[in-house]
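**Student:**
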Amino acid sequence: MSTTENNLQAIIAHAKEYGFVFQSSDIYDGLSAVYDYGPYGSELKKNIKDYWWKSMTQMHENIVGIDAAIFMHPTTWKASGHVDNFSDPMIDNKDSKKRYRVDHLLEAKADALTQAGEAEKAEELLAKMNALLSTEDFGGLQELIIAENISCAVSGTKNWTDVRQFNLMFSTQIGSVAEEADTIYLRPETAQGIFVNFLNVQKSARMKVPFGIAQIGKAFRNEIVARQFIFRMREFEQMEMQFFVRPGTQQDWYNYWKETRLQWHLSLGINPDNYRFHNHVKLAHYADAALDIEYNFPFGFKEVEGIHSRTDFDLKSHQEYSKKKQQYFDTEINQNYIPYVIETSIGLDRMFLLILSHSYAEEVIPKEDGSTDSRVVLKIPAVLAPNKLAILPLTKKDGLPELARELMKDCMPHFKCYFEEKDSIGKRYRRQDAIGTPFCVTIDHQSKEDGTCTIRYRDTMTQERIAISEVKKLVLEAL
Ligand code: ATP
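Heads up: the sequence shown at position 204 corresponds to 414 in my numbering, and the numbers run straight through without jumps.
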């Protein structure tokens, strides 16, 4: 069996054809960087959520969950720094009117230099860019773009505007009378819903530091560069956990969460060579250490999750703006303090794309007569697969569907099953391969005689005969 390299375009087409991901408002030609999840996509997404939620709130006694609203008091975003700082330097091409993120333009130039064998020059360019970004020297950034001879991909010209800051938050109005309405924001991260509820949760759930609060929910960012499918969206979902610790212990907890989160990814059976850590050089205004967990997507290593040591920045700032004390009394050391925070933040949609990238394979299968066959298969980890088991009666008659239905009834309450009696068995296997079903069971005439069936394993395509009564147990064990 040989496998073709993952290819983003093939994955996008497959995701649409098999009901995983559709462009939003497709019949109106779509809305840029917004996507809908179809029947199998919504199952896969939910399974990823459940896998994360369980690992956080069920497997850690000291982590509890919340579900905060998307709308928050506008002062939240002053306190968090988003009103003043959540922006990217942008530059427009005057001829094409196309807007670019400055760091993306310069990084693309550095990539081109590296590919042309000029890695040293690329390093130098990135170092210059980082220095200018950290001092917010916009004039310097524009000069660098011009000095590097960077042109617009659309117009081909170097006719650039000044570099300007562009805030990524979406705003809207709350209140019924337009003139009196207040501007509020769609949250650009779920984290602040956790911070403003710190004391509510600590007191109501009687938590003791160190403890964590986990949340899954939508976030919105008016991303300028909207490409790479569900990697960068304007409406997306985050799975975030803020872990509150005693000041001074943050480095140890940072290391703990860095390893724990990598192990979560590897527990899905994903190749460790496709992961790496990327330590941040330029830290955000709230952080004293930060790294990305990067995955080798079809377009290269990119961030899927961030681990940030956020210090006491957020709670302190909310204390200042709200004038409400955000302190915790630590009975072990008889001290009041504002806890430090380690954040783990993973994009659910990016994790979804990671799973598709890991799973998608086009395989050529040699046949006994010397010819070849082919298949597209999604080798989705069984625990995340939309359907766990397909139950396939060989024919529509002779009591086989009835026997198959009995198995269906037995398994359905425990995991998601799929029943299909149309088409040849070969075709039905291929369809299940394409949506990533790890197990198929065929009920045939022998099943009626001796109570056995054929189970077929997706990844190896091997088949074996087992008792029908064993099927449920076998699938449950694999999950
Ligand atoms: P990037 O540098 O790629 O814009 P970021 O550093 O701004 O990401 P964070 O603010 O740390 O991202 O957000 C945490 C996680 O949320 C990211 O690791 C990513 O998985 C996810 N995420 C962020 N922005 C988007 C987006 N526009 N679309 C989908 N997922 C996103």
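Idealized CB from N, CA, C, for every residue including glycine.
Can you give the beta carbon distance from LEU613 to LYS658, rounded, assuming they're within the 8 Å contact cut?
**Tutor:** Indeed they touch by this definition, with Cβ atoms about 6 Å apart.
**Student:** Say yes only if the C-beta of ILE556 is nearer than 7 Å to one or more non-hydrogen atoms of ligand 1, and no if none qualify.
**Tutor:** Yes, ligand 1 has a heavy atom inside 7 Å of this Cβ.
**Student:** Based on Cα-Cα distance, which residue from VAL455, ASN407 and GLU433 lies nearest to ASN272?
**Tutor:** The candidate whose alpha carbon is nearest that of ASN272 is VAL455.
**Student:** For the alpha helix (DSSP H) holding LYS413, just list the boundary residues, first then last.
**Tutor:** Note, LYS413: alpha helix (DSSP H), 408 to 414.
**Student:** For a test of the three-state rule: what should DSSP assign to TYR466, helix, strand or coil?
**Tutor:** In the structure shown, TYR466 sits in a helix (DSSP, three-state: H, G or I).
**Student:** Taking the Cβ atom as the reference point for each residue, do LEU588 and GLY646 lie within a distance shorter than 8 Å?
**Tutor:** Result yes, Cβ atoms of LEU588 and GLY646 sit closer than 8 Å.
**Student:** Should the segment 313 to 330 be called in touch with the segment 272 to 292, which here means at least 3 C-beta pairs below 8 Å?
**Tutor:** Short answer: they don't touch.
**Student:** Cα-Cα, which of VAL419, ALA571, ARG437 and GLY661 is closest to ASN544?
**Tutor:** Closest by alpha carbon: VAL419.
**Student:** Going by beta carbon distance, what residues of the same chain come within less than 6 Å of THR214, once the five residues before and after it are set aside?
**Tutor:** Interpretation of THR214 is limited by its pLDDT of 47, a score under 50 that renders its predicted location unreliable; the figure taken from the coordinates is listed afterwards. Result list for THR214: GLU572, in chain order.
**Student:** Enumerated in chain order, which unbroken segments of the beta strand (DSSP E) with a length of 3 residues or greater are wholly contained in the segment 521 to 559?
**Tutor:** List check, beta strand (DSSP E) in window: 538 to 540, 545 to 547 and 550 to 557.
**Student:** Could you give the distance in angstroms between the alpha-carbon of HIS224 and the alpha-carbon of ASP643?
**Tutor:** Roughly 12 Å separates the two Cα atoms.
**Student:** Write down every uninterrupted run of the beta strand (DSSP E) in the segment 294 to 343 whose length is 3 residues or greater and which is fully enclosed by it, in chain order.
**Tutor:** The segment 294 to 343 contains these whole beta strand (DSSP E) runs: 297 to 302 and 309 to 311.
**Student:** When the Cα of ILE678 is compared with those of LEU689, ARG666, THR670 and THR672, which residue comes out closest?
**Tutor:** The option with the nearest alpha carbon to ILE678 is ARG666.
**Student:** Using a 10 Å radius around the Cβ and a threshold of 16 neighbouring Cβ atoms, would you call SER212 buried or exposed?
**Tutor:** Annotation note: pLDDT 44 at SER212 (below 50); position unreliable, no value reported.
**Student:** Once DSSP output is grouped into helix, strand and coil, what is the label at THR285?
**Tutor:** Residue state, collapsed to three classes: helix.
**Student:** Among ILE653, THR554 and ASP260, which has the Cα closest to the Cα of LYS607?
**Tutor:** Closest by alpha carbon: ILE653.
**Student:** Taking CB distances under 8 Å as the criterion, tell me whether GLN448 reaches chain C.
**Tutor:** No chain C appears in this structure, which consists of one protein chain only.
**Student:** Would you decide whether ILE222 is buried or exposed? Buried here means 16 or more other CB atoms lie within 10 Å of its CB.
**Tutor:** ILE222 is buried by the Cβ-count criterion.
**Student:** Below 8 Å on the Cβ atoms is my guess for SER567 versus PRO648; work out the distance and round it to an integer in Å.
**Tutor:** Wrong, their Cβ atoms sit about 18 Å apart, outside the cutoff.
**Student:** What are the boundary residues of the beta strand (DSSP E) that GLU674 is part of?
**Tutor:** Per DSSP, GLU674 belongs to the beta strand (DSSP E) from 673 to 677.
**Student:** With the cut-off set at 8 Å, would you say GLY251 and GLY229 are in Cβ contact?
**Tutor:** Yes, the Cβ-Cβ distance between GLY251 and GLY229 is below 8 Å.
**Student:** Is GLY458 helix, strand or coil when you go by DSSP?
**Tutor:** In this structure, GLY458 counts as coil in the three-state DSSP scheme.
**Student:** When you compare the CB positions of PHE563 and PHE441, do they come within less than 8 Å of one another, or not?
**Tutor:** Correcting the residue type first, residue 563 is Leu in the shown sequence and not Phe. It is a contact, given that the beta carbons lie within the stated cut-off.
**Student:** By the three-class DSSP mapping on this structure, what secondary structure does ALA688 have?
**Tutor:** Helix at ALA688.
**Student:** By alpha-carbon positions, which one of ARG668, PRO482 and VAL491 ends up nearest to ILE511?
**Tutor:** One point to set straight first is that residue 511 is Phe, not Ile, in the sequence displayed. Comparing Cα positions, the closest option is PRO482.
**Student:** Give the list of continuous alpha helix (DSSP H) stretches no shorter than 4 residues that lie fully inside the segment 611 to 661.
**Tutor:** As far as the segment 611 to 661 is concerned, its whole alpha helix (DSSP H) runs of at least 4 residues are 635 to 645 and 655 to 660.
**Student:** Classify GLU215 as helix, strand or coil using the three-state DSSP reduction.
**Tutor:** At GLU215 the pLDDT is 46, less than 50, meaning the model places this residue with poor confidence; the figure from the coordinates comes in the next sentence. Three-state result, GLU215: coil.
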